[in-house]
Amino acid sequence: MKKTAEEHAARFDEKAAAYDERQDSEEYRAAASLVVKHASPDPDDTVLDLGTGTGAIALALAPDAERVLGRDISAGMMAEARTKADEVGIDNLALAEGTFREPAVGEPVDVVVSNFAMHHLNDDEKREAIGTIAGLAPHRFVLGDVMLFGAADPDAPFYSPEVDDPATVGVLADALTDAGFSLTGVER
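Going left to right, the sequence shown walks through residues 0 to 187 as numbering that gives the first Met the number 0 numbers them.
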């Protein structure tokens, strides 16, 4: 049975302190690198990082953006992000609770990013989330996540059927284009 948002938040609160160490893999670094590369904010941009977790993407983008808004459902993960931001002197990161479908953003955003978070939503929730993101009218949305090119493989990196619900690339491409986005690339 699919976990609720509250169950996911509690799960990530428990994992927060050791999350970065446990996620330190070639696959994770490659996906994060692609998200940062394609986000490429301008100095006056506001970036929204949905599912910010411990802030890996937000912290990488903060030096190049005017402001970064990190949103997550886990207070523990955001506490780790705040600690990391303070340690390196990043002061343009604003963290708050928010979800894909209710991102709690009260200002215009130029770039929206998300890395390894949307796969916790089912396909209908992903479609709704992408619609919400489109409603924010960013000039760029960069998604790095677990996506399927075929049948699900329970042994694939970053895939746990009990907590993950990755979509096929086709489902995501349809949701993105239906919401008005232009799909400019898919990278493995």
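All residues carry an ideal CB built from backbone N, CA and C; glycine is no exception.
Strictly by DSSP, which residues pair up with residue i?
i           : result
residue 104 : Answer is none; residue 104 lacks a bridge partner.
residue 143 : 114
residue 68  : 47 and 93
Please look up how many angstroms separate the CB atoms of residue i and residue j, rounded, as I've assumed it's under 8 Å.
i           : j           : result
residue 40  : residue 46  : 5 Å
residue 15  : residue 79  : 5 Å
residue 93  : residue 68  : 5 Å
residue 102 : residue 175 : No, residue 102 and residue 175 are not in contact; Cβ-Cβ is about 17 Å, not under 8 Å.
residue 30  : residue 169 : Incorrect: roughly 19 Å between the Cβ atoms, too far for contact.
residue 98  : residue 72  : 6 Å
Compare the C-alpha of residue i against each of the options and name the closest.
i           : options               : result
residue 183 : 76, 13, 130 and 38    : 38
residue 32  : 103, 115 and 8        : 115
residue 179 : 126, 121, 185 and 186 : 126
residue 88  : 30, 75 and 62         : 62
residue 173 : 129, 186 and 134      : 129
residue 106 : 121, 134, 123 and 90  : 134
residue 104 : 43, 66 and 9          : 66
residue 5   : 28, 119 and 123       : 119
residue 91  : 29, 131 and 44        : 44
residue 17  : 100, 124, 75 and 171  : 75
residue 121 : 77, 171 and 132       : 171
Taking only beta-carbon positions, decide if residue i is within less than 8 Å of chain B.
i          : result
residue 35 : Within the model displayed, chain B is absent; a lone protein chain is all it includes.
Q) When the Cβ atoms of the segment 79-96 are set against those of the segment 49-64, are three or more pairs found closer than 8 Å? A) yes
Q: Would you check if there are 3 or more beta carbon pairs closer than 8 Å linking the segment 110-122 to the segment 132-141?
A: yes
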